[in-house]
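For reference, the structure is listed below as structure tokens.
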Amino acid sequence: MASRRFFGSNEPDDYFSWDDLPEPDLQVDVTTTREWDALTEAFEDVRGLHLRALMALDGRREAMTCEVGDLYLDFTRHRATPVLLDALVAVAERAGVAERRDAMFSGEHINSTEDRAVGHVALRCPESARFSIDDDDVVPEVHRVLAAMADLTERVHSGDWVGATGEPIRTIINVGIGGSDLGPEMAYRALRRYRRDGLECRFVSNVDPAGIAAAIDGADPATTLVVVVSKTFTTDETLTNAHTLKEWIRAGVAPPAGGDDGTNGDDPIGEDEAVDDDNDGPDDEAWVAQHFVAVSTNAEAVAAFGIDVDNMFRFWDWVGGRYSVWSAVGLSLMLAVGEDHFRQMLAGGHEVDEHFRTQPLRQNAPVLTGLLRVLYRDLYGFPTHAVLPYAADLGRFPAYLQQLDMESNGKRVRLDGSPATLRTGAIVWGQPGTNGQHAFYQLLHQGTSIVPVDLIAFSESADDSGDHQRKLLANALAQGRALAEGRSADEAIEAGVPEAQVAHRTFPGNRPSTTILAGELTPGVLGQLIALYEHSVFTQGAIWGINSFDQWGVELGKELAADVLEELESDEAQDAPEGAARWVLDHPHD
204 MASRRFFGSN EPDDYFSWDD LPEPDLQVDV TTTREWDALT EAFEDVRGLH LRALMALDGR
264 REAMTCEVGD LYLDFTRHRA TPVLLDALVA VAERAGVAER RDAMFSGEHI NSTEDRAVGH
324 VALRCPESAR FSIDDDDVVP EVHRVLAAMA DLTERVHSGD WVGATGEPIR TIINVGIGGS
384 DLGPEMAYRA LRRYRRDGLE CRFVSNVDPA GIAAAIDGAD PATTLVVVVS KTFTTDETLT
444 NAHTLKEWIR AGVAPPAGGD DGTNGDDPIG EDEAVDDDND GPDDEAWVAQ HFVAVSTNAE
504 AVAAFGIDVD NMFRFWDWVG GRYSVWSAVG LSLMLAVGED HFRQMLAGGH EVDEHFRTQP
564 LRQNAPVLTG LLRVLYRDLY GFPTHAVLPY AADLGRFPAY LQQLDMESNG KRVRLDGSPA
624 TLRTGAIVWG QPGTNGQHAF YQLLHQGTSI VPVDLIAFSE SADDSGDHQR KLLANALAQG
684 RALAEGRSAD EAIEAGVPEA QVAHRTFPGN RPSTTILAGE LTPGVLGQLI ALYEHSVFTQ
744 GAIWGINSFD QWGVELGKEL AADVLEELES DEAQDAPEGA ARWVLDHPHD
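Numbering-wise, the sequence shown is residues 204 to 793 according to the numbering used here.
Here it is, written out as structure tokens:
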């Protein structure tokens with residue numbers, strides 16, 4: 204097996220074999236540039252300094268804080284100096300971050316392996332803007348889809364849209380997977396206070412039968428609208444769940460046993476409409492369209508399912524799944540919170556887009572967050588990054604960012620197919636505080652692994668009837684301070700710690716963190732947070748020279764799953780060798 208040494212490491216990489224990679228014409232390797240040499244020199248001046256010493260340096264707060272929209276970002280608790288940040292910015296300039304950013308905003312096909320533009324920022328553009336992809340301004344079409352989404356939302360909210368029995372919709376079930384689930388569900392939870400009364404959204408993605416069982420538990424088929432989200436309308440998990448919901452609703456809107464005309468009295472389907480051959484309910488054309496809408500590009504497959512193509516909401520191949528919550532993929536979210544709040548989220552994202560597009564790199568919040576991630580991944584060698592929101596409503600935000608970050612930048616080769624020369628894509632994880640403080644913060648403070656963290660907090664909460672929010676905010680700020688400063692043995696003794704416990708109650712500190720603050724978690728602020736992380740991921744990928752917009756790594760397992768299923772269901776499967784497949788065959792579920 205071939206081995207490879209990464210920059211900054213004296214040990215060969217033991218995880219991958221590189222001898223199977225082609226030898227294309229190599230693109231510029233940023234680690235071979237003068238800017239990278241200058242960065243490593245600046246890093247050597249800093250790496251041995253404790254955060255206590257770094258934080259005492261003059262001018263640090265002015266040079267290491269940033270604002271964008273409603274967000275305030277404090278970088279002062281990072282193991283960096285303004286000089287080191289300047290050196291990181293110089294590397295970004297040499298790597299062409301600004302040029303690649305401009306190419307994205309110009310609609311160029313920067314997703315080279317799929318020959319596609321990357322246009323999710325167009326989804327947030329106001330109607331007056333212009334965003335051209337392949338010489339076509341896509342903004343008018345984006346707003347036509349938004350208008351159609353808003354029309355459906357108004358009809359559901361007003362009660363004009365009814366199910367097959369004439370009752371209004373009270374439950375939305377979103378069926379999708381990956382970005383078609385993580386984005387809408389995360390945002391639905393985050394915007395809890397903005398949901399419309401009397402309308403609940405549920406989400407099902409996994410093909411695990413427990414997922415679909417939970418989605419329908421206690422729901423009424425007659426008052427349920429299913430949003431099926433699948434670009435090609437061929438995704439196995441999504442269609443399996445959609446067909447199960449179709450049968451569940453069919454059973455729920457069928458007439459009583461022994462009915463002679465397939466209707467149920469005042470059912471709006473009516474006497475003149477066809478019924479199915481078994482006379483156990485209305486046919487697909489008569490009722491599926493009242494309980495299903497689609498977010499897709501495959502009109503033929505949507506129609507074959509029984510959904511009215513007039514209720515198919517389009518999205519485009521220049522929108523990756525993990526960047527799609529802003530599009531019709533967010534239809535269930537708009538149904539839940541209304542058009543105005545959905546558009547406020549879009550406006551928040553656009554505000555950060557404009558900041559990212561226009562601000563110099565040294566004053567650019569997403570760029571700085573991305574550069575610090577590169578610093579820790581490639582120079583300090585920290586393999587993970589934690590996102591810790593001090594807001595229960597952001598409970599799914601770390602999971603959302605896992606896909607955004609790890610699917611985008613978990614790449615082993617660069618744009619030209621040559622091996623990566625820097626370690627890419629940290630492992631992203633986290634959960635809300637203060638729960639985490641009573642779980643994994645022990646490792647953060649005293650473990651042998653250093654984990655850079657993002658602490659996200661808000662100064663106000665509309666839910667606060669006492670001192671909850673002030674205590675929550677105090678915990679967030681205290682954690683950043685404790686991680687950075689720690690507590691020495693002398694300080695522990697001075698605090699009265701028994702001598703036998705001093706070693707156990709000493710904290711090394713020097714653990715870096717970004718503090719991100721805003722006034723309140725509003726739709727606009729949520730949009731700003733999502734866009735901030737999107738462009739941070741972009742910045743990292745541009746420096747590493749990788750394609751952050753494909754995801755070939757998810758394909759092999761899906762392909763093999765289809766092969767394994769076929770093997771398990773075939774006669775030849777009975778001859779399977781010992782192992783997992785043999786165990787499955789020997790333990791039938793029925």
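Ideal Cβ placement from N, Cα and C applies to all residues, glycine included.
For residue i, the three-state DSSP class (helix, strand or coil)
i	result
residue 452	helix
residue 427	strand
residue 343	helix
residue 365	strand
residue 468	Note that residue 468 scores 34 on pLDDT, short of 50, meaning its location in the model is unreliable and no value can be drawn from it.
residue 586	coil
residue 473	For residue 473, the predicted model reports a pLDDT of 35, less than 50, meaning its position is unreliable and no value from the coordinates is stated.
residue 593	coil
residue 718	strand
residue 759	helix
residue 608	helix
residue 856	Outside the displayed span of the chain (204 to 793) sits residue 856, for which this structure offers no information.
residue 267	coil
residue 252	coil
residue 419	helix
residue 436	coil
residue 496	strand
residue 599	coil
residue 741	helix
residue 246	helix
residue 710	strand
residue 790	coil
Beta-carbon proximity of residue i to residue j, cut-off 8 Å
i	j	result
residue 588	residue 631	yes
residue 390	residue 271	no
residue 724	residue 661	yes
residue 418	residue 432	no
residue 437	residue 753	no
residue 395	residue 273	no
residue 580	residue 626	yes
residue 553	residue 343	no
residue 585	residue 655	yes
residue 614	residue 409	no
residue 387	residue 533	yes
residue 267	residue 254	no
residue 657	residue 590	yes
residue 516	residue 505	no
residue 636	residue 678	yes
residue 275	residue 549	no
residue 551	residue 727	yes
residue 700	residue 300	no
residue 746	residue 233	yes
residue 518	residue 531	yes
residue 377	residue 535	yes
residue 447	residue 415	yes
Residue of the options minimising C-alpha distance to residue i
i	options	result
residue 426	454, 691, 375, 657	375
residue 324	670, 305, 430	305
residue 520	287, 321, 678	321
residue 402	423, 383, 382, 413	423
residue 539	392, 551, 514	392
residue 355	286, 420, 430, 319	430
residue 244	264, 259, 262, 291	291
residue 341	365, 309, 640, 537	309
residue 611	769, 756, 649, 319	756
residue 411	734, 572, 380	380
residue 604	648, 621, 633, 398	633
Contact with chain C by residue i, beta-carbon distance below 8 Å
i	result
residue 435	Among the protein chains of the structure shown there is no chain C, as only one such chain exists.
Closer than 7 Å: residue i CB and nearest the ligand COA heavy atom
i	result
residue 691	Ligands are entirely absent from the displayed structure, and the ligand COA is therefore not among its contents.
Check whether the region 503-519 and the region 356-371 are in contact - that is, three or more C-beta pairs closer than 8 Å. no
Does the region 267-286 come close enough to the region 710-721 that 3 or more CB-CB pairs lie under 8 Å? yes
Does the structure place the region 490-505 close enough to the region 290-300 that three or more beta carbon pairs sit under 8 Å? no
Could you give the uninterrupted runs of the beta strand (DSSP E) lying entirely in the region 615-674, keeping only those of 3 residues or more? 630-632, 656-661
Contact between the region 732-745 and the region 565-581: three or more CB pairs below 8 Å? Contact between the region 732-745 and the region 565-581 is present, because at least three Cβ pairs lie under 8 Å.
Is it true that the region 689-709 meets the region 522-538, where meeting means three or more beta-carbon pairs spaced less than 8 Å apart? no
At which residue ranges does the region 352-411 contain complete beta strand (DSSP E) runs of 3 or more residues, listed in the order of the chain? 374-378, 403-407
Give, in chain order, every unbroken run of the beta strand (DSSP E) that is at least 3 residues long and sits entirely within the region 268-338. 268-271, 274-277
Residue ranges of each alpha helix (DSSP H) run of no fewer than 4 residues wholly in the region 514-567, ordered along the chain? Counting whole runs of 4 or more residues, the region 514-567 contains the alpha helix (DSSP H) stretches 534-540, 542-561.
Mind listing, in chain order, the continuous alpha helix (DSSP H) runs of no fewer than 4 residues lying wholly within the region 677-706? 692-697
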